[in-house]
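Asker: Chains as they are written, first to last, in our numbering: chain W, 86 to 284; chain R, 2 to 377. Even glycine gets a Cβ: it sits at the ideal position worked out from N, Cα and C. Take this structure, written in structure tokens, and hold onto it; I'll ask about it next.
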């Protein structure tokens, strides 16, 4: 497959949310997905933070990749460089949010450091490179993936609220039933995958 | 590109990108974290401090000589640095919630180490904190009083004096050592009397794994300089005629040593009945016996009751035995006058204190007249 079919930014946007959801199609960013989804309010905060960080870092990493790494012919440094830039962006975002809005800092602040090590963030930057996205496509793909992640964690935490009260076998309580739930969710999402292809 | 160049380009690229991002962070920090000068108004204009914004309130206050008690040094893990914040400084942080009760939350009490100074604030703190000072004291003498308790006698810097009420405590800071990477402070009751204005004495018991106690027992040397901050605390003798029922264990001796010496100094030691119960396991855990027995002998109204819970055969112990709670209970029921009102003064581990408070309550002592200093 090549990248040609998805040139339409809107198609890419919806594809990254639904048909190629970073969590449910690629299974990236699972650790915080499973642990934080216990609580709906925290899930919302983390989802928001992931969306912001994904959008900004994908854009920044596109610039670094195309204006520094490729001209110098050192693409193999992408892993370390992308991680450094993600860490730096998270640091700066934390400071700016702290200054600009106390309320937003309260809801996002504690999740931001957690995001530095979220593999979905690095994953999106790497997909952006593999699929040769343009700058606009990268930003849209980053934003869409973030929204997709946000949507998925909200859905899961809503389902977990139900399963908490459900008569789950003792051995499956907690993470066990959560992983099974994620499997069902993934199957449902993969049902869309034939509609649009981003890969 | 040749191999040599590649060898050079990769580190340069990473270095360059890192440097660029680091510069960006520094610039953002300079712009975003510059809050200018902030005015802190304390107790409705009693004091006004102008400090640099952007730092935690605890440090801003300490920089101007107001030492809000803090055992963890501003890491938000002790919950001691509570202040009442009257102006709006944003919602309570998740890091503060575990340390605040419902009443405190309703009363705008916050942890000063978690509040970043961003705009002018109005706060309220206990007036006695104005009296809190910081000393670079010199260790004058370290003495073993039991196998695990050291008496540490510190000399305050030349020309500096401390004014405190016996029963209060001070913060003792030790430098980083071994695996401990930060300076650490812990609170200890003063065991010296207030009349000794140039010295402070502490009784420090070795707590296995304790950062400060391990340092004091293994590394602290005579002649060394340590930072002390104090005085703090509201554990002191109430000025009444009631009988004092004092109970201590281990290094809980400290405030009572100071209190009794202070009463002797001021000539009030014989004005009321004092019962001093001291609980220990074996004879090697009790100390200052000579001094206390002598006080007991010379002062009719002072009664010293040491009790051993596990006396060893070689101890030749003929005093009371059993848990301090049992001894206290029996004395309250059989020996101590029922007519005169009583006040309780307790210092020791939380377990011992809670048990003693229960015994006192069961013997009809009023809970609000039981004062205590709990080891945290």
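Give the single residue among R:64, R:57, R:56 whose Cα lies nearest to the Cα of residue 380 of chain R.
Answerer: Outside the shown range of chain R (2 to 377) lies residue 380 of chain R, about which nothing can therefore be said.
Asker: For residue 179 of chain W, collect the residues of the same chain with a Cβ closer than 6 Å to its Cβ; drop the 5 residues on either side in sequence, then sort them by chain order.
Answerer: 197
Asker: Is it buried or exposed, residue 87 of chain W, if we count other Cβ atoms within 10 angstroms and call 16 or more buried?
Answerer: In this predicted model, residue 87 of chain W has a pLDDT of only 45, less than 50, meaning its place in the structure is not dependable enough to derive any value.
Asker: Is the number of C-beta pairs between the region 260-269 of chain W and the region 110-127 of chain W that are closer than 8 Å three or more?
Answerer: yes
Asker: May I have a chain-ordered list of the alpha helix (DSSP H) segments no shorter than 4 residues that lie completely inside the region 246-273 of chain R?
Answerer: Complete alpha helix (DSSP H) runs here, min 4: 254-267.
Asker: Determine whether the beta carbon atoms of residue 171 of chain R and residue 238 of chain R lie at a separation below 8 Å.
Answerer: Contact flag unset, no.
Asker: Give a yes or no on whether the minimum CB-CB distance between residue 126 of chain W and chain R is below 8 Å.
Answerer: no
Asker: Starting from the Cα of residue 211 of chain R, find the closest Cα among R:235, R:178, R:240 and give me that residue.
Answerer: Nearest in C-alpha terms to residue 211 of chain R, of all of R:235, R:178, R:240, is R:178.
Asker: Any idea which residues DSSP pairs residue 322 of chain R with across the strands?
Answerer: R:309
Asker: Relative to chain W, which residues along the region 116-134 of chain R have a C-beta separation below 7 Å, given in chain order?
Answerer: none
Asker: Taking residue 180 of chain W as the query, report the chain R residues whose CB atoms sit under 7 Å from its CB, ordered along the chain.
Answerer: 29, 30, 33, 34
Asker: Could you tell me which chain W residues have their CB closer than 8 Å to the CB of residue 25 of chain R, listed as they occur along the chain?
Answerer: Think of a sphere of 8 Å around the beta carbon of residue 25 of chain R: the chain W residues whose beta carbon falls inside it are 173, 177, in chain order.
Asker: At a CB-CB cut-off below 7 Å, which residues of chain R make contact with residue 166 of chain W?
Answerer: 15, 18
Asker: Is it buried or exposed, residue 233 of chain W, if we count other Cβ atoms within 10 angstroms and call 16 or more buried?
Answerer: The residue is buried, with at least 16 neighbouring Cβ atoms inside 10 Å.
Asker: Are the region 297-314 of chain R and the region 191-210 of chain R touching by the rule of at least three beta carbon pairs closer than 8 Å?
Answerer: They do not touch, by the three-pair rule.
Asker: What does residue 22 of chain R touch in chain W if you count any residue whose Cβ is under 7 Å from its own?
Answerer: 169, 170, 173
Asker: Taking residue 106 of chain W and residue 274 of chain W to be in contact with their CB atoms under 8 Å, please state how far apart those CB atoms are, rounded to whole angstroms.
Answerer: 5 Å
Asker: List the residues that DSSP assigns as beta-bridge partners of residue 151 of chain R.
Answerer: R:145, R:205
Asker: Can you tell me whether residue 155 of chain W is buried or exposed? The criterion is at least 16 other CB atoms within 10 Å of its CB, across all chains shown.
Answerer: exposed
Asker: At least one CB of chain R closer than 8 Å to the CB of residue 139 of chain W: is that the case?
Answerer: no
Asker: Anything in chain W within Cβ reach of residue 92 of chain R, meaning under 9 Å, just list it in chain order.
Answerer: 187, 188, 191
Asker: Counting C-beta neighbours from all protein chains within 10 Å, is the total for residue 315 of chain R 16 or more, i.e. buried, or is it exposed?
Answerer: exposed
Asker: Out of W:167, W:145, W:128, state which residue places its alpha-carbon closest to the alpha-carbon of residue 241 of chain W.
Answerer: W:128
Asker: For residue 302 of chain R, which three-state DSSP category applies?
Answerer: Reduced to three states, the DSSP call for residue 302 of chain R is coil.
Asker: Consider the Cβ of residue 10 of chain R: report whether some Cβ of chain W lies at a distance smaller than 8 Å.
Answerer: yes
Asker: Closer than 8 Å by C-beta to residue 125 of chain W: which residues in its own chain qualify, once you throw out the five before and the five after it? Chain order, please.
Answerer: Closer than 8 Å at the Cβ level, and outside the excluded window around residue 125 of chain W, lie 239, 242, 243, 246.
Asker: Can you tell me whether residue 230 of chain R is helix, strand or coil according to DSSP?
Answerer: strand
Asker: Using the three-state DSSP reduction, which class does residue 138 of chain R fall into: helix, strand or coil?
Answerer: strand
Asker: Taking the alpha carbon of residue 37 of chain R as the reference point, which residue from R:52, R:310, R:271, R:16 has its own alpha carbon closest?
Answerer: R:52
Asker: So, under 8 Å CB-CB, residue 309 of chain R and residue 326 of chain R are touching, yes? Tell me the CB distance rounded to an integer number of Å.
Answerer: About 14 Å; that fails the 8 Å criterion.
Asker: Given this structure, state the Cα-to-Cα distance separating residue 286 of chain R from residue 258 of chain R, to the nearest angstrom.
Answerer: 16 Å
Asker: Measuring alpha carbon to alpha carbon, tell me which residue in R:220, R:48, R:276, R:289 is nearest residue 336 of chain R.
Answerer: Measuring C-alpha to C-alpha distances from residue 336 of chain R to each of R:220, R:48, R:276, R:289 identifies R:276 as the nearest.
Asker: Check residue 196 of chain W in the structure and name its three-state DSSP category.
Answerer: Residue state, collapsed to three classes: coil.
Asker: Just to confirm the assignment: which complete beta strand (DSSP E) runs, minimum length 3, are found wholly within the region 78-140 of chain R?
Answerer: 83-86, 110-112, 122-125
Asker: By the 10 Å Cβ neighbour count, where 16 or more other Cβ atoms means buried, how is residue 23 of chain R classified, buried or exposed?
Answerer: exposed
Asker: What's the call for residue 130 of chain W, buried or exposed, on a 16-neighbour Cβ count within 10 Å?
Answerer: buried
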